[in-house]
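What follows is a set of notes on a single structure, which appears directly below.
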Amino acid sequence: MRRYDLDWLRVIVFALLIFYHGGMFFVPWGWHIKNNEIYPELRWPMLFLNQWRLPILFVISGMGTAFALSYRSAWQFIKERNIRLGIPLLFGMLVVVPPQIYIEKLANG
Numbered sequence: 262m263r264r265y266d267l268d269w270l271r272v273i274v275f276a277l278l279i280f281y282h283g284g285m286f287f288v289p290w291g292w293h294i295k296n297n298e299i300y301p302e303l304r305w306p307m308l309f310l311n312q313w314r315l316p317i318l319f320v321i322s323g324m325g326t327a328f329a330l331s332y333r334s335a336w337q338f339i340k341e342r343n344i345r346l347g348i349p350l351l352f353g354m355l356v357v358v359p360p361q362i363y364i365e366k367l368a369n370g
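To get my numbering, take the position in the sequence shown, counting from 1, and add 261.
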C-alpha cells in the first residue's frame, strides 16, 4: 500500500535540503566554497534544519525498506538498490566530483 504522506514528507524534506545546501555558501561555518558576504540571520534556520533533516530521511528510508521487503525477496531488493543507487553514485563520482574539486581548489587558492 502506497504511503502518500511519506512521499510528500520526503518531497518537502528534499526541497528544504536544496535550500539548505544553497544556504551553506552564506553561513559562517565551513563549506567547500564560501561567498565573500555572510548572512548571520541564516544561522538559526540552518541550525534548526541541521537537527532533523538527515534523521527524518533515514526514518522514511527505513520505512520504505520495510515496505519494499514485504513485496520482494532480500536478493531482489539488493539488486534493485544497487542499480538505482549505484548508477547515480558512479555518475556523481565521475562527472560531478572532479569539477567540484577543481572549483574548490580555485576558490581556496
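Yeah, the Cβ is synthetic: ideal placement off N, Cα and C, and Gly gets one too.
Exposed or buried, what is residue i when buried is set at 16 or more other beta-carbons lying within 10 Å of its beta-carbon?
{"i": "Val-288", "result": "buried"}
Tell me the rounded alpha-carbon separation between residue i and residue j.
{"i": "Ile-279", "j": "Trp-336", "result": "33 angstroms"}
{"i": "Met-324", "j": "Arg-263", "result": "11 angstroms"}
{"i": "Lys-340", "j": "Asn-297", "result": "45 angstroms"}
{"i": "Ile-362", "j": "Leu-330", "result": "38 angstroms"}
{"i": "Gly-353", "j": "Pro-360", "result": "10 angstroms"}
Between the options, which has its C-alpha nearest residue i's C-alpha?
{"i": "Arg-260", "options": "Leu-308, Ser-322 and Glu-365", "result": "Outside the displayed range of the chain (262 to 370) lies residue 260, so it cannot be described from this structure."}
{"i": "Leu-270", "options": "Gln-361, Leu-315 and Leu-355", "result": "Leu-315"}
{"i": "Val-272", "options": "Val-358, Ile-348 and Ile-317", "result": "Ile-317"}
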